[in-house]
Amino acid sequence: MKILYLEASSGQVVGGSLTGVLQLIAGLDRSRYTPTLVLYEDKRVIKSLRARGIRVRVFSKRRLPKEHALQDVPVYNSAKGHLGVTPLLKNLRAVGTFVFETLPAARRLARLLREEAPDIVHVCNGFRGNMDAIVAARMSGIPCIVHCKGFDKHGFIERLAAPGVASSICMTRAIEDHCRAEGMNPPEYSVVYDGLDLEEFRPTRGRDCVREELGIDLNAPVVGVVGNIQEWKGQLVLLEAMVDLVKTYPDIVALVVGAVHRSGRNYADSLRRFVADKGLTGNVIFAGERDDVGDVMNCMDVVAHTSVRGEPF
Numbered sequence: 004m005k006i007l008y009l010e011a012s013s014g015q016v017v018g019g020s021l022t023g024v025l026q027l028i029a030g031l032d033r034s035r036y037t038p039t040l041v042l043y044e045d046k047r048v049i050k051s052l053r054a055r056g057i058r059v060r061v062f063s064k065r066r067l068p069k070e071h072a073l074q075d076v077p078v079y080n081s082a083k084g085h086l087g088v089t090p091l092l093k094n095l096r097a098v099g100t101f102v103f104e105t106l107p108a109a110r111r112l113a114r115l116l117r118e119e120a121p122d123i124v125h126v127c128n129g130f131r132g133n134m135d136a137i138v139a140a141r142m143s144g145i146p147c148i149v150h151c152k153g154f155d156k157h158g159f160i161e162r163l164a165a166p167g168v169a170s171s172i173c174m175t176r177a178i179e180d181h182c183r184a185e186g187m188n189p190p191e192y193s194v195v196y197d198g199l200d201l202e203e204f205r206p207t208r209g210r211d212c213v214r215e216e217l218g219i220d221l222n223a224p225v226v227g228v229v230g231n232i233q234e235w236k237g238q239l240v241l242l243e244a245m246v247d248l249v250k251t252y253p254d255i256v257a258l259v260v261g262a263v264h265r266s267g268r269n270y271a272d273s274l275r276r277f278v279a280d281k282g283l284t285g286n287v288i289f290a291g292e293r294d295d296v297g298d299v300m301n302c303m304d305v306v307a308h309t310s311v312r313g314e315p316f
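Count the sequence shown with the numbering used here and you get residues 4 to 316, in order.
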């Protein structure tokens, strides 16, 4: 059976949805299933996937500005202030996005699907993130499984599309409850928790070795956070706590591990300014993206979870 997986994230990082599908593909019985992975941007994992014999294609599409990009447009903000206008703008924007972004991408994706001729299309970013692929699968007459991994806001277009898919997989029961509450009615729901290979997180180097590499005193207390840098991940929460922590523990180090998400560049800049303004330059290390997360976490005394919104997992 040929399965085409489609992962549409375009934040220039490897996030949770892609990590989950990579684990899923790694666990497939290759004597029964032949996977192809379609990504929406070049990712650092492509080379290793192809080395393992997994077919990877990169699909690019034109994207309209997101809603938050319109916040600085005076006319947009003025219109939103009138009673009843906000829902109208939301629906008009949804229609515009569908006509000028989703449909053109769906037509191109349909050509790709005809080339690949999969038995199943498995989209990995939910109804909202994968609407173009859902439409393309419908155009091509291929069953589509929609994997929901977040608390997305669904509009009337997503609700109209839901009954036409083959099935919806939710990463947690909470996500299923959320989708049902939003009026999403696919033919069936199932909950499948993301599998993790714990061996990938087992430390391979000693604590002191990693600290020396990062320039951290072997006896200093270290608190860290791991996650792509974007506002909802809440790295600022840890840095704000550091303002008080350094008063009691002058040699404490905060280790911020993670790549900067495309939408988090301004946030990352604000974190660095905060560190400089508060005199924390000697106490905070931005370690960037790491392939050795298990080793880095092992060198910490405390691992902080700082997300300011509920994590879908």
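All C-beta atoms in this analysis are idealised placements derived from N, C-alpha and C, irrespective of residue type, glycine included. Since the model is a prediction, treat every value here as computed from it, not as a measurement.
For lysine 50, the enclosing alpha helix (DSSP H) covers residues 49-54. When only Cα atoms are considered, leucine 283 and valine 61 end up about 41 Å apart. For valine 194, same chain residues with a beta-carbon under 6 Å away, outside a window of 5 residues either side, are Cys173, Arg176 and Glu179 in chain order.
In the structure shown, the three-state DSSP call for cysteine 182 is helix.
The beta carbon of aspartate 155 sits closer than 6 Å to the beta carbons of Gly129 and Arg131 from its chain, once the five residues preceding and following it are set aside; these are given in chain order. Here leucine 9 really is in contact with valine 124; their C-beta atoms are around 7 Å apart, less than 8 Å. For glycine 227, the pairing in a beta bridge is given by DSSP as Leu258 and Val306.
The distance from the Cβ of leucine 241 to that of alanine 307 is about 5 Å, consistent with a contact at the 8 Å cut-off.
Taking the CA atoms as reference points, asparagine 94 sits about 8 Å from glycine 158.
Rounded to whole angstroms, aspartate 295 and asparagine 301 show a C-alpha spacing of 10 Å. Taking a C-beta distance under 7 Å as the contact criterion, valine 16 and asparagine 231 qualify as a contact pair. Pairing aspartate 254 with arginine 275, the inter-Cα distance amounts to about 19 Å.
DSSP places phenylalanine 289 in the strand class (E or B) of the three-state scheme. Bounds of any beta strand (DSSP E) do not take in threonine 284, whose DSSP letter is neither H nor E.
Aspartate 122 and valine 149 have their C-alpha atoms roughly 15 Å apart.
Measuring C-alpha to C-alpha distances from glycine 18 to each of Arg47, Pro38 and Met4 identifies Arg47 as the nearest. As summarised for the segment 83-133, the continuous alpha helix (DSSP H) elements at least 4 residues long and confined to that stretch are 88-100, 106-119 and 129-132, given in chain order. For proline 38, the pairing in a beta bridge is given by DSSP as Ile6. A distance below 7 Å separates the beta carbons of tryptophan 235 and valine 311.
Distance from the CA atom of arginine 35 to the CA atom of methionine 4, rounded to whole angstroms, is 6 Å.
From the listed residues Met187, Asn269, Ala184 and Gly297, the smallest Cα separation to proline 206 is found for Gly297. In the displayed model, valine 149 falls within a strand according to three-state DSSP. Taking all protein chains in view, the Cβ of glycine 261 is crowded by 16 or more other Cβ atoms within 10 Å, so the residue is classified as buried.
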